[in-house]
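Asker: Before we start, here is the structure in question, set down as structure tokens.
In our numbering, the protein residues as written are 3 to 317.
Encoded structure:
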């Protein structure tokens, strides 16, 4: 006699299959992929019709939110994975949409109120995805890693392309601290011990009332538009202090034109032409003195409208 439940029929969904995604059709193996369709679903009290009970359904617009994290990998020729390059270029220029295919993102595209809670789910392509934030972190004791959050919607019902590597895909090595170099106009910055580069894109996802169609076939509660309100490039870094005060390299705040703060990791270069520095922090302790500096990038309004404003790639 077989028993129901986990005693005899459990199969946990883990492993490389779940960690595989495709960005614009290019394969990428990630450390983590968290993606869910979100929708505000609540109940309202029925005061209008004379009762205190919660009997009115309030169902908001659907959208997808999620996070990705992965190391930056290169092949034997020091060539960057195409999916990683696509993500970095999109983050600095979020004026177009990406597509995302996964092996585990179930969705129902039609109107939630007209279908049961578990009916008609499909494995669909997220065909309108915009990055909300992207962080590149590097340190002397870890690989160079990227974490990104995104929002998106489904415009066209298309079945997801299963995210498996093609026959020409080669899993490259992860970049580490030995592949990095940091410098600016006034200093070679040889004692940098870690850095974090961030891109923050403020996303607006308005929803609109859709006229009722007698057939109901055109009705859905997906969001209809993704807008980018603000783009901001920031970062911070830590440096070990050598014997002496290093007065000439201490950041006292303010903007520096043509300072060209530059971070190299493998074939990728991130350049901040006009960083707006905060005053560097230098706590005095009995341990090795570590100075921390934060900055925002002063960017022209047109820079996020084109590629190459922040990232350049060694071909």
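All residues carry an ideal CB built from backbone N, CA and C; glycine is no exception.
1) Quick one: is residue 104 buried, meaning 16 or more other Cβ sit within 10 Å of its Cβ, or exposed?
2) Quick one, which of 201, 155, 172 has its alpha-carbon nearest residue 222's?
3) With distances taken from CA atoms, which of 239, 44, 270 is nearest residue 115?
4) If you follow the beta strand (DSSP E) that residue 184 is part of, which residue opens it and which one closes it?
5) Return the bridge partner residues of residue 57 from the DSSP annotation.
6) So residue 125 and residue 160 are in contact, right, with Cβ under 8 angstroms, and what is the actual spacing, rounded?
7) Which residue or residues does DSSP assign as beta-bridge partners of residue 277?
8) What are the start and end residues of the beta strand (DSSP E) that includes residue 238?
9) Which residues in the same chain as residue 252 place their Cβ atom closer than 7 angstroms to its Cβ, once the five residues preceding and following it in sequence are excluded?
10) Quick one: what's residue 194 bridged to in DSSP?
11) According to DSSP, simplified to helix, strand and coil, what is residue 104?
12) Look up residue 91 in the DSSP assignment and say whether it is helix, strand or coil.
13) Here's the rule I'm using: 16 or more other beta-carbon atoms within 10 Å means buried, otherwise exposed. How should residue 274 be labelled?
14) Quick check: the region 185-196 against the region 75-95, are at least 3 beta-carbon pairs closer than 8 angstroms?
15) Could you compute how far the alpha carbon of residue 250 sits from the alpha carbon of residue 179?
16) When the distance is taken between beta carbons, is residue 42 closer than 7 angstroms to residue 68?
17) Exposed or buried, residue 181, counting other C-beta atoms within 10 Å across all chains shown (16 or more means buried)?
18) Straight-line CA distance for residue 168 to residue 157?
19) With the cut-off set at 7 angstroms, would you say residue 198 and residue 139 are in Cβ contact?
20) Does the beta-carbon distance from residue 288 to residue 242 come in below 7 angstroms?
21) Can residue 272 and residue 312 be called in contact, C-beta distance under 7 angstroms?
22) For residue 82, which beta-bridge partners are listed by DSSP?
23) Just the Cα atoms here: how many angstroms apart are residue 29 and residue 297?
24) Rounded to whole angstroms, what is the Cα-Cα separation between residue 319 and residue 55?
25) Are there 16 or more other CB atoms within 10 angstroms of the CB of residue 122, so buried, or fewer, so exposed?
Answerer: Taking the coordinates as given:
1) In summary, residue 104 is buried, with 16 or more beta-carbon neighbours lying within 10 Å of its beta-carbon over all protein chains present.
2) Taking only the C-alpha atoms, the option nearest residue 222 is 155.
3) When only C-alpha atoms are compared, the closest one is 44.
4) Looking at the DSSP string, the run of the beta strand (DSSP E) that includes residue 184 is 182-185.
5) In DSSP, residue 57 forms no bridge with anything.
6) At roughly 10 angstroms, the Cβ-Cβ gap does not stay under 8 angstroms, so residue 125 and residue 160 are not in contact.
7) DSSP lists 299 as partners of residue 277.
8) For residue 238, the enclosing beta strand (DSSP E) has its first and last residue at 229-242.
9) The answer, listed in chain order, is 282.
10) DSSP lists 241 as partners of residue 194.
11) Shown here, residue 104 sits in a strand according to DSSP, grouped into three states.
12) Residue 91 sits in a helix when the DSSP states are folded into three classes.
13) Burial call: buried.
14) Counting Cβ pairs under 8 angstroms, fewer than three are found: no touch.
15) The alpha-carbon atoms of residue 250 and residue 179 are separated by roughly 26 angstroms.
16) Against a cut-off of 7 angstroms, the Cβ pair of residue 42 and residue 68 comes out as no contact.
17) By the C-beta density criterion, residue 181 is buried, having at least 16 other C-beta atoms within 10 angstroms.
18) If you draw a straight line from the Cα of residue 168 to the Cα of residue 157, it is about 26 angstroms long.
19) Here residue 198 is near residue 139, since their CB atoms are less than 7 angstroms apart.
20) For residue 288 and residue 242, no; Cβs fall outside 7 angstroms.
21) For residue 272 and residue 312, yes; Cβs fall inside 7 angstroms.
22) DSSP, once it has assigned bridges, lists 76 as partnering residue 82.
23) Between the alpha carbons of residue 29 and residue 297 lies a distance of about 34 angstroms.
24) The chain is shown from 3 up to 317; residue 319 falls before or after that span and cannot be answered.
25) With fewer than 16 other Cβ atoms within 10 Å, it is exposed.
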